[in-house]
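Remarks on the structure that follows.
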Amino acid sequence: MIEEYVETIWQGEVMGAKGVSKKGGKWKIVIAVIAVICVIGVFGGHKSEKSATTDDSSEKTNAETVLESQKESTDVSSEKSEADASSETDKPAADSSTSEEKPETKAKKEAVPTEYKNALKKAQTYSDKMYMSKQGLYDQLTSEYGERFSEEAADYAIENVSADWNANALAKAKQYEKTMAMSPSSIYDQLVSDYGEKFTEDEAQYAIDHLND
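Listed below in structure tokens is the structure:
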């Protein structure tokens, strides 16, 4: 655009020079060329300053972005390190607790006498197969006509046997009803009798209440 402007001025001055003296026309051309050069310098300076300003702004923005990224990366690394440290601190405590319990549990199992273990096995069989009451089971384990376990072994067996006494009473009541055709009242008396099944009154009543379920 500027080159076209210079060429226009040059042509204008040349055309004007035909009507004046050769010397005077030459000076006008020189002055016009100098003016054009000044204009070019001004526009070029503004363009350079604008480009420099844009470059500086771009460099500043890039630098700020890099600093922010580095800061975020540092914060994340710091948080991760703290979390890892906390996890490592808690882990030994849990492992220590577990290692302390295992020998204790093992020693407890080994400390149970063989007689106690056998009494428990026998009690579980009587409960599962014959639906005996808690008191009836104890008497059977300690009776001289029964299993003849010591009272301590029988107590251990009763405390550790897996049994639902209400369910046992109900199962026994249904046996009496089916095989002996007994009335609910007679079944109740048989369940609570000291010469019968020796269930508690609550257990016997549960059995009667659910006899027809």
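Residue numbers for the sequence shown follow our numbering, beginning at 20 and rising by one.
Glycine included, every Cβ here is placed at the ideal spot set by N, Cα and C.
Between Ala-192 and the set Ser-169, Lys-217, Glu-171, the nearest pair of CA atoms involves Lys-217. The alpha-carbon separation between Tyr-157 and Ile-177 amounts to approximately 7 Å.
Residue state for Pro-132 is assigned as coil, using DSSP reduced to three classes. Using a Cβ distance threshold of 7 Å, Tyr-150 and Asn-187 count as a contacting pair. A Cβ-Cβ separation of about 18 Å leaves Ser-169 out of contact with Gln-143 under the 8 Å criterion. By the neighbour-count criterion, in which 16 or more other beta carbons inside 10 Å mark a residue as buried, Ala-172 falls on the buried side. In this structure, Tyr-135 and Tyr-175 form a Cβ contact; the two beta carbons are roughly 4 Å apart against a cut-off of 8 Å. Comparing alpha-carbon positions, the option among Gln-159, Ala-226, Lys-153 lying closest to Asn-179 turns out to be Lys-153. Asn-231 and Asn-137 have their C-alpha atoms some 36 Å from each other. Between the alpha carbons of Glu-166 and Leu-160 lies a gap of roughly 5 Å. When DSSP states are grouped into helix, strand and coil, Tyr-195 belongs to the helix group.
Between Gln-209 and Tyr-225 the beta-carbon gap is near 15 Å, outside 8 Å, which marks them as no contact. Residue environment analysis places Lys-141 among the buried positions, since at least 16 neighbouring C-beta atoms fall within 10 angstroms of its C-beta. Secondary structure at Tyr-175: helix, using DSSP grouped into helix, strand and coil.
Relative to the Cα of Trp-184, the nearest Cα in the group Glu-129, Asp-228, Asp-221 belongs to Asp-221.
A distance below 7 Å between beta-carbons, with the five flanking residues on each side excluded, links Val-211 to the following residues of its chain, in chain order: Phe-218, Glu-220, Ala-223. DSSP places Asp-228 in the helix class (H, G or I) of the three-state scheme.
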